[in-house]
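See structure below.
Protein chains: 2
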Amino acid sequence: MEKIQPRSLYLEVADRIRDLIEQGSLLPGEKIAEKALCETFGVSRTPLREALKVLTSEGLVENLPNRGSRVVRLTRRGVKNTYDVMGALEGLSGELACQHLTDADVEEIRRLHQLMVGHYQRQELAPYFEVNQQIHECILAASNNDVLIEMYNNLSQRVKRIRYSVEMGPANWAKAVADHEAILEAIEARDGKRLGDILRAHLGHKLEVAAVSGIIDEE
Amino acid sequence: MEKIQPRSLYLEVADRIRDLIEQGSLLPGEKIAEKALCETFGVSRTPLREALKVLTSEGLVENLPNRGSRVVRLTRRGVKNTYDVMGALEGLSGELACQHLTDADVEEIRRLHQLMVGHYQRQELAPYFEVNQQIHECILAASNNDVLIEMYNNLSQRVKRIRYSVEMGPANWAKAVADHEAILEAIEARDGKRLGDILRAHLGHKLEVAAVSGIIDEE
DNA sequence: AATTTGAATAATGAATTCATAATACGGAAA
DNA sequence: TTTCCGTATTATGAATTCATTATTCAAATT
Numbered sequence: 475m476e477k478i479q480p481r482s483l484y485l486e487v488a489d490r491i492r493d494l495i496e497q498g499s500l501l502p503g504e505k506i507a508e509k510a511l512c513e514t515f516g517v518s519r520t521p522l523r524e525a526l527k528v529l530t531s532e533g534l535v536e537n538l539p540n541r542g543s544r545v546v547r548l549t550r551r552g553v554k555n556t557y558d559v560m561g562a563l564e565g566l567s568g569e570l571a572c573q574h575l576t577d578a579d580v581e582e583i584r585r586l587h588q589l590m591v592g593h594y595q596r597q598e599l600a601p602y603f604e605v606n607q608q609i610h611e612c613i614l615a616a617s618n619n620d621v622l623i624e625m626y627n628n629l630s631q632r633v634k635r636i637r638y639s640v641e642m643g644p645a646n647w648a649k650a651v652a653d654h655e656a657i658l659e660a661i662e663a664r665d666g667k668r669l670g671d672i673l674r675a676h677l678g679h680k681l682e683v684a685a686v687s688g689i690i691d692e693e
Numbered sequence: 475m476e477k478i479q480p481r482s483l484y485l486e487v488a489d490r491i492r493d494l495i496e497q498g499s500l501l502p503g504e505k506i507a508e509k510a511l512c513e514t515f516g517v518s519r520t521p522l523r524e525a526l527k528v529l530t531s532e533g534l535v536e537n538l539p540n541r542g543s544r545v546v547r548l549t550r551r552g553v554k555n556t557y558d559v560m561g562a563l564e565g566l567s568g569e570l571a572c573q574h575l576t577d578a579d580v581e582e583i584r585r586l587h588q589l590m591v592g593h594y595q596r597q598e599l600a601p602y603f604e605v606n607q608q609i610h611e612c613i614l615a616a617s618n619n620d621v622l623i624e625m626y627n628n629l630s631q632r633v634k635r636i637r638y639s640v641e642m643g644p645a646n647w648a649k650a651v652a653d654h655e656a657i658l659e660a661i662e663a664r665d666g667k668r669l670g671d672i673l674r675a676h677l678g679h680k681l682e683v684a685a686v687s688g689i690i691d692e693e
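So the sequences go chain by chain: A and B.
Reading the first sequence from the start, the letters are residues 475 to 693 in the working numbering.
Reading the second sequence from the start, the letters are residues 475 to 693 in the working numbering.
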């Protein structure tokens, strides 16, 4: 029997707003009108405002006293900073994962890797990204460190608004796949140090790609 | 002329509650009675509840639906996880700092380092910790990465409740000072990679020390 | 015409009120 | 005495109300 777990309204609302930001219904810099959102969600201002405060402390929204909330703008510098930190966290996740990965885990990652390479060869961008992310999530989960997972997910959320899909050039893509070959090797060798180093470096390439995307401000 | 910057009430309240948790007036696992806190702060429940939600998303407080908020308990595992992540972040801060440190910065760190060694030789624990923290903050600030700083401060806040002062044994202390000698050398050589590695390892020692402290649960 | 002033309007911040779920307590039954 | 049940009390969740601060826009002044 499955437990029913009561969730607070403000968490629900926060999730919904996160979705709106992620999919681009709420754009960076855009003012968030409380009344309007209350009506679309069918809740009062209290839980909505609580949700906005949570999102503010998550770094997705900023709050100007007496002037309401807006979606934070992405700057090139801010995105670079975020990726740098994510790289460090991924590096740690790699080191820790190697201490915990079971043979079954490795097998699963190998399977995903092959799948991903297939998508690359057939130039199927969206599925490629999908599986790519699954691999990184696998490693992250295997780190067995929930603080790490929480931090990474927070940062990840902040840059999820960037859509790489169209801008991914062939050179970058090839490099990413090459990185992943090395990642798989390190995992199979359970070489935590090496896996960490590769993962730390791996994220660096995404940045130049992201920079050309539309929604980043040049401050 | 200095600008006056309006701060929201809920932020003020959040700061105050953070202080209460840090100094131990609110103990891990303790239930936070809204009414009582409202009276001590002289505010209504609305800003207080908003503050509690912020602290929840910061990981200092947990929120059980319909059953109120409590201060999160520190577990040995949780503290280890936190230190692991902080270590990774410190490592990154070292690498980045080496790219930005001016000669004046290095001179300042050298000064702090000598000061700290002096405190060590005279076995002045509290001042030692004070200066020690200043050094790490210097490096962190020099990273020029505000996302990193924000993340680190959040994690740091979570474990600030642990008081190491009394438990620091002579062996651990000597090792910590030795680490710091290596840190200074790496900084003077502007060797980001090495500084990063040292800092990543440096935090590991704190854990055993923390474990014997009183407020950690064995879950 | 451009800028400033001030009233009207709208939005936010915070307190209060109302509804609902959890806890505490007292009595009844085993 | 111990356990169980039902009521009273309390605390929390969320909506509403009130107060204050911004914003808008028209009129007045330079």
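Using N, Cα and C, we set each Cβ at its ideal position, and we do this for glycine too.
Quantities reported herein were computed from a predicted structural model and do not represent experimental measurements.
Which residues, in order along the segment 589-622 of chain B, keep a beta-carbon less than 8 Å from a beta-carbon of chain A? Cβ contacts with chain A come from Asn619, Asp620, Val621, Leu622.
Quick one: what does DSSP say B/Ile636 is sitting in, helix, strand or coil? It is coil, neither helix nor strand.
B/Asn694 (DSSP reduced to helix, strand or coil): Here chain B covers residues 475 to 693 and nothing more, so residue 694 of chain B does not appear.
In chain order, what residues of the segment 537-568 of chain B put their CB closer than 8 Å to some CB of chain A? Asn537, Pro539, Asn540, Gly552, Asn555, Thr556, Asp558, Val559, Gly561, Ala562, Leu563, Gly565, Leu566
Using a Cβ cut-off of 7 Å, pull out every chain A residue sitting near B/Pro480, in sequence order please. Pro539, Asn540
Verify the contact flag: B/Arg492, CB atom, against every heavy atom of the ligand HEM, threshold strictly below 8 Å. What this structure holds is no ligand at all, so the ligand HEM is not there to describe.
Which residue spans inside the segment 525-582 of chain A form an unbroken beta strand (DSSP E) run of at least 3? Within the segment 525-582 of chain A, the complete beta strand (DSSP E) runs of at least 3 residues fall at 535-538, 542-545.
Under 9 Å, Cβ to Cβ, is there at least one residue of chain A near B/Arg490? no
Measuring alpha carbon to alpha carbon, tell me which residue in A/Ile583, A/Leu534, A/Thr576 is nearest A/Thr549. A/Leu534
Pair within 9 Å by beta-carbon distance, B/Cys572 and B/Ala660: yes
Excluding five sequence neighbours on each side, which residues of the same chain lie with their C-beta closer than 6 Å to the C-beta of B/Leu575? Excluding sequence positions up to five before and after B/Leu575, its CB lies within less than 6 Å of the CB of Ala616, all in the same chain and listed in chain order.
Return the CA-CA distance between B/Val621 and B/Glu611, expressed in angstroms with no decimal places. 14 Å
Under the three-state DSSP convention, the category B/Asp671 falls into: The answer is helix: DSSP assigns B/Asp671 an H, G or I state.
Within 9 Å of any Cβ in chain B, is that where the Cβ of A/Arg523 sits? yes
Measuring alpha carbon to alpha carbon, tell me which residue in B/Asp579, B/Pro502, B/Gly561 is nearest B/Val546. B/Pro502
Apart from the five residues just before and just after B/His593, which ones in its own chain have a Cβ nearer than 7 Å to its Cβ? Pro601, Tyr602, Val605
Check each residue of the segment 502-515 of chain B: if its Cβ is closer than 8 Å to any Cβ of chain A, include it; give the result in chain order. Cβ contacts with chain A: none found.
Ordered along the chain, which non-local residues of its own chain (more than five positions away) have a Cβ less than 8 Å from that of A/Ser639? Residue confidence for A/Ser639 is low, a pLDDT of 49 falling below 50, so the modelled location carries little weight and cannot support an answer.
With which residues is A/Asn505 paired in a DSSP beta bridge? Looking at the sequence shown, residue 505 of chain A is not Asn but Lys. A/Lys505 pairs with A/Arg544.
Against chain B, does A/Gly494 count as a neighbour if the rule is that its beta carbon must be under 9 Å from one of theirs? Sequence inspection shows Leu at residue 494 of chain A; the Gly mentioned does not correspond to that position. With 9 Å as the cut-off, A/Leu494 does not count as an interface residue toward chain B.
B/Leu614 to B/Gln607, Cα distance in whole Å? 10 Å
Buried or exposed: where does B/Asn537 fall if 16 or more other Cβ atoms within 10 Å of its Cβ makes it buried? buried
Reference B/His587; option with closest CA among B/Leu483, B/Asp653, B/Asn555, B/Gly666: B/Asp653
With DSSP as the reference, label B/Asp665 as helix, strand or coil. coil
In chain A, which residues lie less than 8 Å from B/Ser531 when you measure between Cβ atoms? Val528, Ser531, Glu532
Are the segment 555-568 of chain A and the segment 624-633 of chain A in contact at 8 Å, needing three or more beta carbon pairs? The count of Cβ pairs closer than 8 Å, one atom from the segment 555-568 of chain A and one from the segment 624-633 of chain A, reaches three, so the stretches are in contact.
With 16 other CB atoms within 10 Å as the buried threshold, where does A/Ser543 fall? A/Ser543 is classed as buried because its beta carbon has at least 16 other beta carbons within 10 Å across all chains shown.
Along the chain, where does the alpha helix (DSSP H) that runs through A/Leu485 open and close? 483-497
Using 8 Å as the cut-off, can you tell me whether the segment 629-638 of chain A makes contact with the segment 576-585 of chain A, which would need three or more C-beta pairs spanning the two stretches below that distance? no
Nearest chain A C-beta to B/Leu629 closer than 9 Å, yes or no? Using a Cβ-Cβ cut-off of 9 Å, B/Leu629 counts as an interface residue toward chain A, since at least one Cβ of chain A sits closer than that to its own.
Am I right that A/Gly643 and A/Glu569 are in contact with their C-beta atoms under 8 Å? What's the rounded C-beta distance? About 30 Å; that fails the 8 Å criterion.
Considering only the alpha carbon of each residue, which of B/Ala650, B/Asn618, B/Asn540 lies closest to A/Gly552? For A/Gly552, the nearest C-alpha among the options comes from B/Asn618.
Check whether the Cβ of A/Thr696 lies closer than 9 Å to any Cβ atom in chain B. With chain A represented from 475 up to 693, any question about residue 696 of chain A goes unanswered, as that position is not in the structure.
In three-state terms, what does DSSP make of A/Ile690? strand
Determine, using beta carbons only, whether B/Leu511 and B/Tyr484 come nearer to each other than 9 Å. Result no, Cβ atoms of B/Leu511 and B/Tyr484 do not sit closer than 9 Å.
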